[in-house]
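I have placed the structure first, in the form of structure tokens, so that the comments after it can refer back to it.
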Amino acid sequence: MPDQQQSVNIVMIEDDEGHARLIEKNIRRAGISNAIHHFTDGTSALDFLYDAEEGPARNGPALVLLDLNLPDMSGTDILARLKGEGSALRRTPVVVLTTTDDKVEIQRCYDLGCNVYITKPVNYENFADAIRQLGLFLSVIQVPDPDQA
Numbered sequence: 001m002p003d004q005q006q007s008v009n010i011v012m013i014e015d016d017e018g019h020a021r022l023i024e025k026n027i028r029r030a031g032i033s034n035a036i037h038h039f040t041d042g043t044s045a046l047d048f049l050y051d052a053e054e055g056p057a058r059n060g061p062a063l064v065l066l067d068l069n070l071p072d073m074s075g076t077d078i079l080a081r082l083k084g085e086g087s088a089l090r091r092t093p094v095v096v097l098t099t100t101d102d103k104v105e106i107q108r109c110y111d112l113g114c115n116v117y118i119t120k121p122v123n124y125e126n127f128a129d130a131i132r133q134l135g136l137f138l139s140v141i142q143v144p145d146p147d148q149a
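Just so it is clear: in the sequence shown, position 107 is 107 by full-length UniProt numbering, and no numbers are missing.
This is the structure:
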């Protein structure tokens with residue numbers, strides 16, 4: 001039987017290094033010490049999520065922080081794959097963190113199965129505050145283990 005307190009891996013898919021550092025710094029400030037695996041493109045992130053030995057499909061629960069604007073593919077394509085029928089990771093919580101505040105795009109992400117959609121504020125302090133609040137959210141949520149599917 002798997003350990004019920006298995007640590008949740010955070011998979012951050014964010015191509016902007018400055019945003020990635022800010023996200024990680026403020027998650028840490030909120031007291032979250034979970035491993036954060038950072039990817040700057042969708043291809044390497046999907047390889048990790050599904051194929052890596054230490055990745056969530058093979059090695060326990062994860063939470064995905066997903067930017068929609070990536071260099072090699074759309075974040076909505078990644079979301080559709082994660083949440084698609086038959087995906088080993090369809091129950092994995094996905095938090096969309098993006099600068100896109102288009103209502104149609106927001107609706108599309110929820111229709112595809114995202115759990116939370118956060119628009120990155122342009123203002124540094126507002127962005128830092130939003131990420132700290134995300135860290136508090138991460139400290140209390142329950143994440144399903146893919147093996148329980």
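All C-beta atoms in this analysis are idealised placements derived from N, C-alpha and C, irrespective of residue type, glycine included.
Query, Result
"Assigned secondary structure, S74 (DSSP; H/G/I helix, E/B strand, else coil)", "strand"
"Expected contact under 8 Å - CB spacing of D101 and D72 to nearest Å", "D101 to D72, Cβ: 23 Å. No contact."
"Per-residue burial, T43 [other beta carbons within 10 Å of its own, 16 or more giving buried]", "exposed"
"P144 and P61 closer than 8 Å at C-beta", "yes"
"Close-in-space but distant-in-sequence residues of the same chain around A149 (CB under 8 Å, 5 per side omitted)", "Confidence in A149 is poor, its pLDDT being 49 and thus under 50, which makes the residue's placement unreliable; the coordinate value appears in the next sentence. So the qualifying residues of the chain are A88, R90 and R91."
"Buried/exposed call for E125, threshold 16 Cβ in 10 Å", "exposed"
"S7 beta carbon less than 8 Å from that of A35", "yes"
"CB of T119 within 8 Å of CB of T99, strictly", "yes"
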